[in-house]
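Q:
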Amino acid sequence: MNRVLAIAGVVIRELYRRKDFYVLFVLTALITLLLGAVNFFNDPKIVRYLKEVCLLLIWISAVVIAVTTTARQIPSEKENRTIFPLLAKPVTRWEVILGKFAGCWLAAGIALLVFYLFFAVISESRGGEGTPAPKAAAATQVAPGPQAHDDHAHEPGCCNHAPASPNPWLVYLQGAWLHWMMLAVVIAMVLFGSLIFAAPSSNATIMFIVIGGILLLGEHLNKVALRQTEPVQTILQILYFAIPHLEWFDLRDFIIYDHPPVAFGPCALATAYAAAYALLLLVAAWLVFRRKGLTT
Amino acid sequence: MTNVIEIRELRVEYPGRNRSEPPRVAVDGLSLSVRPGEVFGFLGPNGAGKTTTMNVLLGFVNATGGEAFLFGVNVREPIARQRIGYLPELTYYYRFLTAEELLRFYARIFGIPRAETDRRIDALLKLVELESVRRRPIKTYSKGMQQRVGLAQALINNPDLLILDEPTSGLDPLGRMKVREIIQRLKQEGKTVFFSSHELGEVETVCDRVAIISQGRVREEGRVSDLVAKYRCDLERVFLKVIGYEPPSGN
Ligand SMILES: Nc1ncnc2c1ncn2[C@@H]1O[C@H](COP(=O)(O)OP(=O)(O)OP(=O)(O)O)[C@@H](O)[C@H]1O
Ligand SMILES: [Mg+2]
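Protein sequences, first through last, are from chains A and B.
Quick note on my numbering: the first sequence kicks off at 6 and runs consecutively.
Quick note on my numbering: the second sequence kicks off at 315 and runs consecutively.
1. Can you tell me whether residue 478(B) is helix, strand or coil according to DSSP?
2. Determine the direct distance from the alpha carbon of residue 272(A) to that of residue 391(B), and round the result to whole angstroms.
3. Which same chain residues, not among the five before or five after residue 286(A), have their C-beta less than 6 Å away from its C-beta?
4. Under 8 Å, Cβ to Cβ, is there at least one residue of chain A near residue 422(B)?
5. Which runs of the beta strand (DSSP E) fall wholly inside the stretch 320-381 of chain B and span at least 3 residues, in chain order?
6. Taking 8 Å as the CB-CB limit, is residue 234(A) close to chain B?
7. So which residues put a beta carbon under 5 Å from any heavy atom of ligand 1, going in chain order?
8. Mapping DSSP to helix, strand and coil, what is residue 236(A)?
9. Please list the terminal residues of the continuous beta strand (DSSP E) segment that includes residue 400(B).
10. In angstroms with no decimal places, state the Cα-to-Cα distance between residue 60(A) and residue 257(A).
11. Which runs of the alpha helix (DSSP H) at least 4 residues long sit entirely within the stretch 232-286 of chain A? Give them in chain order.
12. Please identify, using Cβ separations under 7 Å, the residues of the stretch 372-395 of chain B that lie next to chain A, in order along the chain.
13. So is residue 425(B) in contact with chain A if we call contact Cβ pairs under 8 Å?
14. Three or more C-beta pairs closer than 8 Å, one from the stretch 343-358 of chain B and one from the stretch 65-72 of chain A: is that the case here?
15. Using beta carbons (cut-off 8 Å, strictly below), is residue 53(A) in contact with chain B?
16. Let me know the beta strand (DSSP E) ranges lying completely inside the stretch 501-531 of chain B, each 3 residues or longer, listed in chain order.
17. According to DSSP, which residues form a beta bridge with residue 217(A)?
18. Within a Cβ cutoff of 8 Å, which residues of the same chain sit near residue 402(B), ignoring the five residues on either side of it in sequence?
19. Following the continuous alpha helix (DSSP H) through residue 444(B), name the residue where it begins and the one where it ends.
20. Using a Cβ-Cβ distance cut-off of 8 Å, determine whether residue 467(B) contacts chain A.
21. For residue 502(B), count neighbouring Cβ atoms within 10 angstroms of its own Cβ and tell me buried if that reaches 16, exposed if not.
22. Kindly indicate which three-state DSSP category residue 412(B) falls into: helix, strand or coil?
23. Report the residues of the stretch 442-471 of chain B with a CB closer than 7 Å to any CB of chain A, ordered along the chain.
24. Report yes if the C-beta of residue 403(B) is less than 7 Å from at least one heavy atom of ligand 2; otherwise report no.
25. Considering just the uninterrupted stretch of the alpha helix (DSSP H) at residue 194(A), what are its terminal residues?
26. In angstroms, rounded to a whole number, what distance separates the CA positions of residue 168(A) and residue 76(A)?
27. Express the C-alpha separation of residue 208(A) and residue 413(B) in angstroms, rounding to a whole number.
28. Shortest alpha-carbon distance to residue 321(B) belongs to which of 529(B), 382(B), 537(B)?
29. In whole angstroms, give me the CA-to-CA distance for residue 6(A) and residue 436(B).
30. Under 9 Å between beta-carbons, which chain B residues line up against residue 47(A)? List them in chain order, please.
31. Between the stretch 14-41 of chain A and chain B, which residues of the former have CB atoms less than 8 Å from a CB of the latter, in chain order?
32. If you check the beta carbons only, do residue 42(A) and residue 55(A) fall under 8 Å apart?
33. Assign residue 369(B) to buried or exposed, taking buried as 16 or more other Cβ atoms, counted over all protein chains shown, within 10 Å of its Cβ.
34. Sort out for me which residues DSSP pairs residue 388(B) with in a bridge.
35. Scan the stretch 104-120 of chain A for residues whose Cβ lies nearer than 8 Å to a Cβ of chain B and list them as they occur along the chain.
36. Grab me the residues of residue 457(B)'s own chain with a C-beta within less than 6 Å of its C-beta, minus the 5 sequence neighbours each way, in chain order.
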């Protein structure tokens with residue numbers, strides 16, 4: 006365990022030394038600016054739109070950071086040959102994989118923490134600074150809309166109070182948590198890819214396509230399958246059940262439309278689902294890495 | 315007593331670039347044993363297979379045939395590497411870390427306790443004379459300084475066996491002398507040193523035994539003094555004769 010943490014520590018230290026965290030500051034500044042602009046608009050539609058843009062930005066940049074950071078880990082160890090003195094120590098390759106995973110995942114966690122914290126503080130301070138009118142308006146606007154008809158609408162506390170979400174902070178927390186869990190799957194997937202595709206750039210590109218594909222199409226796959234003829238239908242259905250459904254971890258609409266938090270059960274289930282997929286992918290990565298010669 | 319290094323009929327082939335190209339044989343039926351407390355010189359011309367053999371011992375390259383053991387443990391087991399220190403041929407370290415951070419990282423990999431780590435880092439940086447730059451990133455070091463970082467990391471776990479791939483390459487005469495002194499001191503402490511080198515003069519002064527390989531095979535092996543007596547010339551001439559080089563006549 007100590008060995009895994011030591012390797013993770015080096016990953017984070019590299020990010021820090023490479024000044025990669027500057028990207029974080031730039032993005033955070035952008036979020037702050039965008040949300041700060043919200044103050045000028047009292048139109049709830051624009052407010053919601055800006056929040057949506059911000060969250061999309063957070064999602065895209067978190068995935069980009071996670072994929073690009075992870076994709077270069079093991080290839081650069083080989084390229085710079087730092088893998089040699091490392092593996093000459095009594096460290097197993099499984100520990101190397103776990104350490105790289107832990108480092109990238111922690112770094113992604115730090116990025117998410119910063120993003121969501123800024124997002125939450127700014128959007129809540131806006132509502133709390135004596136001008137609750139636009140927020141209440143936003144809530145009443147949402148209520149008759151199609152978004153309110155999902156399965157959370159019946160939860161107590163949602164119907165009586167005008168300011169819809171009883172605990173917005175919990176929603177932000179859940180959003181960030183599930184987002185982080187999703188990144189665990191993404192990072193494990195990229196790590197696995199980095200052992201199969203030689204060049205980090207091709208690995209990253211393929212992973213962006215796969216992740217984008219799952220996020221955009223994943224949930225529709227079974228519906229599409231029903232409309233196809235036989236061989237294709239089965240293939241699509243198998244695919245639907247095999248892929249990690251990253252889109253299930255997306256709580257952006259909950260945040261934008263001030264929904265009440267997700268119940269504990271589904272949240273835990275999603276966490277377990279992510280853990281299972283991440284573990285599966287890490288084991289797959291290890292199986293590839295285990296018997297690999299390092300000099301070819 | 316088990317040999318520290320035991321290599322039996324080792325064969326390593328690197329696959330060809332494509333299917334029509336035959337695999338290239340880097341090590342071809344090499345057998346070798348190194349006894350405890352020995353300083354063993356592993357000699358051979360460029361491309362003879364020295365680094366490849368060491369890479370097998372360290373588990374980086376899988377043997378195509380034959381077996382290798384460290385302290386009686388098959389080199390496929392990571393635990394075989396608990397008691398060894400390794401210095402790679404070229405400097406391969408995390409360039410963004412400082413010497414101190416690098417040593418601390420490796421000490422953690424070995425599970426060395428904190429206080430002991432501090433003590434060893436101080437002693438090692440003093441030994442390789444990098445105390446004054448210990449807080450500077452490795453990328454700002456000169457080649458020789460990086461080589462000395464390598465030596466320090468190879469010693470962090472107080473190993474019983476040192477595998478050094480050309481430890482003196484890139485060092486100035488003073489640095490070479492220091493390395494020789496370190497090797498001699500390790501020998502006095504009862505450690506085993508297995509190293510490759512092209513500096514036959516220094517091999518002659520520090521080694522108990524040598525093996526001369528070429529094209530992946532051991533061509534000659536024995537005590538330095540015995541070889542010198544057998545061929546009636548210095549080690550450099552022995553080396554040239556063994557690898558089949560005929561000096562121009564009239565010399
Ligand atoms: N990764 C590799 N892929 C293909 N062939 C390789 C690889 N590494 C080494 N070889 C070949 O294996 C042979 C032995 O190489 P090796 O590096 O072991 O030599 P060496 O004795 O260490 O030489 P030097 O004194 O130059 O360090 C050479 O013919 C080399 O071309
Ligand atoms: Mg070599």
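Even for Gly, the Cβ is constructed at its ideal location relative to N, Cα and C.
A: Put simply:
1. Walking along the second sequence from the start, residue 478(B) turns up at place 164. It is a strand residue.
2. As a working mapping, residue 391(B) is identified with position 77 in the second sequence. As a working mapping, residue 272(A) is identified with position 267 in the first sequence. For residue 391(B) and residue 272(A), the distance between alpha carbons rounds to 41 Å.
3. By one-based count along the first sequence, residue 286(A) stands at place 281. Excluding positions up to five away in sequence, the list reads 193, 194, 197.
4. One-based indexing of the second sequence puts residue 422(B) at position 108. For residue 422(B), the answer is yes, since a Cβ of chain A falls inside 8 Å of its Cβ.
5. Listed in chain order, the complete beta strand (DSSP E) runs (minimum 3 residues) inside the stretch 320-381 of chain B are 338-348, 353-357.
6. Against the first sequence, residue 234(A) aligns to sequence position 229. Chain B, which has no Cβ nearer than 8 Å to the Cβ of residue 234(A), makes this no.
7. 300(A), 328(B), 340(B), 360(B), 361(B), 362(B), 363(B), 364(B), 365(B), 366(B)
8. For this step, residue 236(A) is matched to residue 231 along the first sequence. In this structure, residue 236(A) counts as helix in the three-state DSSP scheme.
9. Here residue 400(B) refers to the residue found at position 86 when the second sequence is read from its first residue. 398-401 is the extent of the beta strand (DSSP E) around residue 400(B).
10. Walking along the first sequence from the start, residue 60(A) turns up at place 55. Walking along the first sequence from the start, residue 257(A) turns up at place 252. Whole-angstrom Cα-Cα distance: 7 Å.
11. 235-247, 257-261
12. 372, 373, 374, 375, 376, 392, 393, 395
13. Locating residue 425(B) in the second sequence gives position 111, where the first residue counts as 1. Yes - at least one Cβ of chain A is within 8 Å of the one on residue 425(B).
14. No, the stretch 343-358 of chain B is not in contact with the stretch 65-72 of chain A.
15. Residue 53(A) sits at position 48 when you count from the first residue of the first sequence. So, not an interface residue.
16. The qualifying runs are 506-510, 523-528.
17. For this step, residue 217(A) is matched to residue 212 along the first sequence. According to DSSP, residue 217(A) bridges with nothing at all.
18. What you label residue 402(B) is simply residue 88 of the second sequence in a count that begins at 1. Taken in chain order, the residues that qualify are 464, 479.
19. Locating residue 444(B) in the second sequence gives position 130, where the first residue counts as 1. It is not in any alpha helix (DSSP H) - residue 444(B) carries neither H nor E in the DSSP assignment.
20. Working through the second sequence from its first residue, we reach residue 467(B) at position 153. Yes - at least one Cβ of chain A is within 8 Å of the one on residue 467(B).
21. Position 188 of the second sequence, counting from 1, holds the residue named residue 502(B). Exposed, because fewer than 16 other Cβ atoms sit within 10 Å of the Cβ of residue 502(B).
22. By one-based count along the second sequence, residue 412(B) stands at place 98. Strand, per DSSP.
23. 467
24. By 1-based counting over the second sequence, the position of residue 403(B) is 89. Correct: residue 403(B) has its Cβ closer than 7 Å to ligand 2.
25. Position 189 of the first sequence, counted from the start, is the residue given in the question as residue 194(A). First-last of the alpha helix (DSSP H) with residue 194(A): 173-201.
26. Position 163 of the first sequence holds residue 168(A). Position 71 of the first sequence holds residue 76(A). For residue 168(A), the predicted model reports a pLDDT of 47, less than 50, meaning its position is unreliable and no value from the coordinates is stated.
27. Position 99 of the second sequence, counted from the start, is the residue given in the question as residue 413(B). Position 203 of the first sequence, counted from the start, is the residue given in the question as residue 208(A). Going from the Cα of residue 413(B) to the Cα of residue 208(A) covers about 32 Å.
28. As a first step, residue 321(B) is located in the second sequence; it is residue number 7 there, counting from the start. The candidate whose alpha carbon is nearest that of residue 321(B) is 382(B).
29. Taking the first residue of the first sequence as 1, we reach residue 6(A) at position 1. Taking the first residue of the second sequence as 1, we reach residue 436(B) at position 122. C-alpha separation (whole angstroms): 26 Å.
30. To locate residue 47(A), count along the first sequence from 1; it is residue 42. Contacts between residue 47(A) and chain B, judged by CB atoms closer than 9 Å, are missing: the closest CB pair is about 48 Å apart.
31. 14, 15, 18, 19, 22, 23
32. Counting from one through the first sequence, the residue named residue 42(A) turns up at place 37. Counting from one through the first sequence, the residue named residue 55(A) turns up at place 50. Cβ atoms of residue 42(A) and residue 55(A): closer than 8 Å.
33. Translated into the one-based positions of the second sequence, residue 369(B) becomes position 55. Residue burial is scored here from C-beta neighbours: residue 369(B) has at least 16 other C-beta atoms within 10 angstroms and is therefore classed as buried.
34. Here residue 388(B) refers to the residue found at position 74 of the second sequence. The secondary-structure analysis by DSSP pairs residue 388(B) across a beta bridge with 383(B).
35. Against chain B - using a Cβ distance shorter than 8 Å - the stretch 104-120 of chain A contributes no residues.
36. On the second sequence, residue 457(B) is found 143 positions in, with the first residue counted as 1. Once the five neighbours on either side are set aside, the close Cβ partners of residue 457(B) are 484.
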